[in-house]
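Read the structure below first, then the notes.
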Amino acid sequence: MLKKRAKYNLGQIVRHRKHPFRGVVFDVDPEFSNTDEWYEAIPEESRPAKAQPFYHLLAENDQTYYVAYVSEQNLIADYSGEPVDHPDIGDMFGPFQDGAYPLHFHLN
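This is the structure:
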């Protein structure tokens, strides 16, 4: 079995290669783990390979905030130094520092 490490880390800011949005990684699946319906909704010529990490992002574009699910092949690191303004970031991460968001832990 081929083992692959995720290229991007939790709290890292990434940007989509083709579409105008960026986001903060909050979870990673080692390979595709969404529905077949979701996958088949992507035009066949644009469908990413399933055997690669897929990232859950707190995403933003010029108009809205949302959660995105994106293959590793469609992401690049964002080195702009600009924070992401998604309203749910504070639920998972600490304040923006050094170009990323540190994980936010609650101890009971």
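Its first residue numbered 62, the sequence shown is counted upward by one per residue in our numbering. Think of the CB as a built atom: it goes at the ideal place given N, C-alpha and C, for glycine as much as any other residue.
DSSP beta-bridge partners of Arg-76 = In the sequence shown, the residue the question calls residue 76 occupies position 15. The partner list for Arg-76 (beta bridge, DSSP) reads Arg-83, Ile-137.
Problem set entry | Ile-137 versus Tyr-69 - alpha carbon distance | Looking up residue 137 in the sequence shown gives position 76. Looking up residue 69 in the sequence shown gives position 8. Going from the Cα of Ile-137 to the Cα of Tyr-69 covers about 9 Å.
- Query: What is the residue span of the beta strand (DSSP E) that Glu-121 lies within?
  - Reply: By one-based count along the sequence shown, residue 121 stands at place 60. Segment 115–121, the beta strand (DSSP E) holding Glu-121.
If you compare alpha carbons, which of Trp-99, Pro-156, Arg-66, Ile-74 is closest to Glu-121?
Residue 121 sits at position 60 when you count from the first residue of the sequence shown. Of Trp-99, Pro-156, Arg-66, Ile-74, the residue nearest in Cα terms is Ile-74.
Is the beta carbon of Val-145 less than 7 Å from the beta carbon of Tyr-116? One-based indexing of the sequence shown puts residue 145 at position 84. One-based indexing of the sequence shown puts residue 116 at position 55. Going by C-beta atoms, Val-145 is not nearer than 7 Å to Tyr-116.
Buried or exposed: Leu-168, going by 16 or more other Cβ atoms within 10 Å of its Cβ?
-> Position 107 of the sequence shown, counted from the first residue, corresponds to residue 168. Unreliable placement is indicated for Leu-168, whose pLDDT of 48 sits below 50; no coordinate value is reported for it.
- What do you get for Pro-148, buried or exposed, if any count of 16 or more other CB atoms within 10 angstroms of its CB means buried? Counting from one through the sequence shown, the residue named residue 148 turns up at place 87. The residue in question, Pro-148, is exposed, as its Cβ has fewer than 16 Cβ neighbours within 10 Å.
Taking only three categories from DSSP, how would you classify Asp-152?
If you number the sequence shown from 1, residue 152 lands on position 91. Helix, per DSSP.
* Asked: So which of Ala-161, Gln-113, Ser-132 has the shortest CA-CA distance to Glu-143?
  -> For the purposes of this step, residue 143 is taken as residue 82 along the sequence shown, with counting starting at 1. The shortest C-alpha separation from Glu-143 is found at Ala-161.
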